[in-house]
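Per this note's numbering, residue 21 is the first one in the first sequence, and the count goes up by one each step.
For each residue, glycine too, the CB sits at the ideal point set by N, CA and C.
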Amino acid sequence: MEQNKKESLNFIEQLIERDVKEGNFKKIYTRFPPEPNGYLHIGHAKSICLNFGLAQKYGGHCNLRFDDTNPEKEETEFVDSIKEDIKWLGFDWGPSAYHTSDYFEQLYQLAICLIEKGNAYVDELSAVQLNELKGSPTEPGKESPFRDRPIEESLEIFKAMKSGAFQNGERVLRAKIDMSSPNMHMRDPILYRIKHMKHHRTGSKWCIYPTYDFAHGQSDSIEQITHSLCTLEFEVHRPLYEWLIQKLEIHPSKQTEFARLNLSYTIVSKRSLRALVEGHYVAGWDDPRMPTISGIRRRGFTAKSIRKFADTIGVARRDGITDVALLEHAVREDLNKTAHRIFGIMDPIKLIITNWPKDYQEIMIAENNPEDEKSGTREMPFTREIFIDRSDFMEDPPSPRKWFRLGPDREVRLKKGYIIKCTGYKKSEKGKVVEIYAEYDPNTKSGQDTSGKKVKGTLGWVSVPNAVLVEIRMYDRLFLTENLNKIEDDFKNHLNPDSLIINTKAVLEPSVRNAQVGDQFQFERIGYFRVDEDSHSERLIFNRTLTLRDGWTKKKN
RNA sequence: UGGCCUAUGGUGUAACUGGCAACACGUCUGAUUUUGGUUCAGAAGAGUCUAGGUUCGAGCCCUAGUAGGCCAACCA
Numbered sequence: 021m022e023q024n025k026k027e028s029l030n031f032i033e034q035l036i037e038r039d040v041k042e043g044n045f046k047k048i049y050t051r052f053p054p055e056p057n058g059y060l061h062i063g064h065a066k067s068i069c070l071n072f073g074l075a076q077k078y079g080g081h082c083n084l085r086f087d088d089t090n091p092e093k094e095e096t097e098f099v100d101s102i103k104e105d106i107k108w109l110g111f112d113w114g115p116s117a118y119h120t121s122d123y124f125e126q127l128y129q130l131a132i133c134l135i136e137k138g139n140a141y142v143d144e145l146s147a148v149q150l151n152e153l154k155g156s157p158t159e160p161g162k163e164s165p166f167r168d169r170p171i172e173e174s175l176e177i178f179k180a181m182k183s184g185a186f187q188n189g190e191r192v193l194r195a196k197i198d199m200s201s202p203n204m205h206m207r208d209p210i211l212y213r214i215k216h217m218k219h220h221r222t223g224s225k226w227c228i229y230p231t232y233d234f235a236h237g238q239s240d241s242i243e244q245i246t247h248s249l250c251t252l253e254f255e256v257h258r259p260l261y262e263w264l265i266q267k268l269e270i271h272p273s274k275q276t277e278f279a280r281l282n283l284s285y286t287i288v289s290k291r292s293l294r295a296l297v298e299g300h301y302v303a304g305w306d307d308p309r310m311p312t313i314s315g316i317r318r319r320g321f322t323a324k325s326i327r328k329f330a331d332t333i334g335v336a337r338r339d340g341i342t343d344v345a346l347l348e349h350a351v352r353e354d355l356n357k358t359a360h361r362i363f364g365i366m367d368p369i370k371l372i373i374t375n376w377p378k379d380y381q382e383i384m385i386a387e388n389n390p391e392d393e394k395s396g397t398r399e400m401p402f403t404r405e406i407f408i409d410r411s412d413f414m415e416d417p418p419s420p421r422k423w424f425r426l427g428p429d430r431e432v433r434l435k436k437g438y439i440i441k442c443t444g445y446k447k448s449e450k451g452k453v454v455e456i457y458a459e460y461d462p463n464t465k466s467g468q469d470t471s472g473k474k475v476k477g478t479l480g481w482v483s484v485p486n487a488v489l490v491e492i493r494m495y496d497r498l499f500l501t502e503n504l505n506k507i508e509d510d511f512k513n514h515l516n517p518d519s520l521i522i523n524t525k526a527v528l529e530p531s532v533r534n535a536q537v538g539d540q541f542q543f544e545r546i547g548y549f550r551v552d553e554d555s556h557s558e559r560l561i562f563n564r565t566l567t568l569r570d571g572w573t574k575k576k577n
């Protein structure tokens, strides 16, 4: 090997390497802290790959922590799906997953500690009053009349809050910082609120719950997290994050922000995704059009390709919008190497080889994947009647230099079969081509061609008596608008009406008969497809993952 | 009358911390090909938001401006 070029590091890696060099800690700890109130999406995948990837790279560990401080929105269903998705992506959080709710007692003690130090107080103002005193980004806030109440009094009331002496909203615990700070989050932020509500894990043990600011950072400290990575919108919380660490004198985790993922033609916000599910614009969280991890998995995107994608886009502090083409490229790259090839006809039209004996069947051999020698071969019966795709025939085609496929008197190769010449076709009364006639040349059998003929076009085909009728769900992008962050109207106005087209007349070659749910194929010249879990004994159902790259249709336009 | 962050080809990131702007995707040629796929060869495309400044030298530093993002939930 030559002198290896210095590997380029992203800004977080640079930070970590500096920390390592300075010996700031023995081991790197990161964490992935989802709130279990929805399904994970491609944006989370970026964060997962980042946090787990960094831990792997630097010999540290990444914790999975469910940030479950708000019993109103959180459910066990989501905990399970989140675990499944992370595992599928190929990451391991070790023997146990953590929950912020496991720390409720410790957090409560920390709050008491803060009050005792005079850094927090119980307020009795209503939400409305609190808001009024808060000021605005351009106006300073005003101090609450309860701000300077004796420590003992706050302590007493806080304990009473815990024991259920008050109704929702009657008291809050606030940090005592600075009501005139230009940073709104430093204007005596709320640390604890009363919610008489059952929590999905702690049941009704608690009726006070810490807010994000008093739960997240403290949990980081409890877990000895060294690098707490979050998205840019938490940047303004950092001064508070650090203030609490300092006042509480706890493990100094460091918060670092990075830009969240935005993807063209895609919506990446839990709230919006929920709206799509609840409004039945899609079939569910795992609808193959959804950018959820469960959705793209069902669509046929692979874990490997998503990790590759995350690696490609990197991480930075500027926010922009990533072209989905980058994601799609990663998927095609992986599938090209792994997916077995088969022949499939989306829009079948019958072609009769008039000089082929009736009832005679010849077995053709085809390799499963030319990119992978170890993938083996399969058999394909060739018969007098075959299906070809309607789009591969034109009654009056342009010059052979522009159109490689079949037309009257034109010759093409049937891949893994013979070269045929079109001798005619039949039309229905309505003028639709219903049957094509052709003659084959016996000297042109694939692999043992002695004719010397060269043809430009190669077509896929499926033997009529052996064809397998399947259902194909042809998915396309969910939205028509490139940048959905910039729209002003309802994002649902931008839905692609053709994001799902169901094809029930497609036929595949017989080798596909024993395909299992989850199997992925390349239908030659068409695209990548995955056997969907809706498949049943009567009918295989395929999801179109992506089409093949296509330089030809582009050229036409 | 606020504060913080960001600004590099169409898109996403680099540039060994001051030394003639690189990689991937995308686009366009051409070759190969029994997938109009893959692969291969090549091309176009930014002089780094603007204006000053420091310096022998600035995409990297400083100042001002501009543009975009974030911040006023008892959400995370």
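The beta carbons of Y59 and S314 sit closer together than 8 Å. Annotation: D509 to L283 spans about 19 Å, alpha carbon to alpha carbon. The C-beta distance from T50 to D87 rounds to 14 Å, too long to fall under 8 Å, and the pair is not in contact. In the same chain as N516, and ignoring 5 residues on each side of it, the C-beta atoms closer than 8 Å to its own belong to D496, R497, L498, F499, L500, in chain order.
Three or more pairs of CB atoms, one per stretch, sit closer than 8 Å, so the region 447 to 466 contacts the region 412 to 432.
Shortest Cα-Cα distance from S164 to any of R337, Q540, E144 involves E144.
DSSP places I383 inside the beta strand (DSSP E), whose first and last residues are 382 to 387. In this structure, the alpha-carbon of I440 lies about 18 Å from that of V454.
At the C-beta level, V488 and V527 come within 8 Å of one another. Taken in chain order, the complete alpha helix (DSSP H) segments of 4 residues or longer contained in the region 271 to 303 are 290 to 298. Within its own chain, the residues whose Cβ lies closer than 8 Å to the Cβ of A279, once the five positions on either side in sequence are excluded, are T251, L252, V335, A336, R337, R338, D339, G340, listed in chain order. The Cβ atoms of R294 and G110 lie no closer than 8 Å to each other. Remark: C-beta atoms of S325 and D354 approach each other more closely than 8 Å.
Annotation: F407 is outside any alpha helix (DSSP H); the continuous beta strand (DSSP E) that includes it extends over 405 to 409. When DSSP states are grouped into helix, strand and coil, P485 belongs to the helix group. Residue pairing from DSSP places V192 in a beta bridge opposite D143, R213.
Residue state for Y128 is assigned as helix, using DSSP reduced to three classes.
Three or more pairs of CB atoms, one per stretch, sit closer than 8 Å, so the region 73 to 91 contacts the region 39 to 55. H257 and Q238 have their C-alpha atoms roughly 13 Å apart. The straight-line gap separating the alpha-carbon atoms of T478 and E544 is approximately 11 Å.
In the structure shown, the three-state DSSP call for Y59 is coil. Annotation for Q542: the continuous beta strand (DSSP E) segment containing it runs 540 to 543.
Annotation note: the region 400 to 475 contains the following uninterrupted beta strand (DSSP E) runs of length 3 or greater, listed N- to C-terminal: 405 to 409, 431 to 434, 439 to 447, 453 to 460.
Taking every protein chain shown into account, the CB of G223 has fewer than 16 other CB atoms within 10 angstroms, so this residue is exposed. Runs of the beta strand (DSSP E) spanning 3 or more residues and lying entirely within the region 315 to 374 occur at 360 to 362, 368 to 373, in chain order. By the Cβ test, the region 66 to 86 is in contact with the region 99 to 114, since at least three Cβ pairs between them sit closer than 8 Å.
Excluding residues up to 5 positions away in sequence, T322, N389, D392, Q540 lie with their Cβ nearer than 8 Å to the Cβ of T358 in the same chain.
In chain order, P160, G161, K162, E163, R207, D208 place their CB closer than 7 Å to the CB of M199, counting only its own chain and leaving out the 5 sequence neighbours on each side. In this structure W572 is exposed. Its beta-carbon is surrounded by fewer than 16 other beta-carbon atoms within 10 angstroms.
M310 carries a coil assignment under DSSP once its states are collapsed to helix, strand and coil. Looking only at E42, T565, F98, K574, the smallest Cα-Cα distance to G320 is reached by T565. When DSSP states are grouped into helix, strand and coil, F52 belongs to the strand group. Excluding sequence positions up to five before and after P157, its CB lies within less than 7 Å of the CB of M204, all in the same chain and listed in chain order.
M199 carries a coil assignment under DSSP once its states are collapsed to helix, strand and coil. The continuous alpha helix (DSSP H) containing P259 extends over residues 258 to 268.
The count of Cβ pairs closer than 8 Å, one atom from the region 396 to 407 and one from the region 364 to 380, reaches three, so the stretches are in contact.
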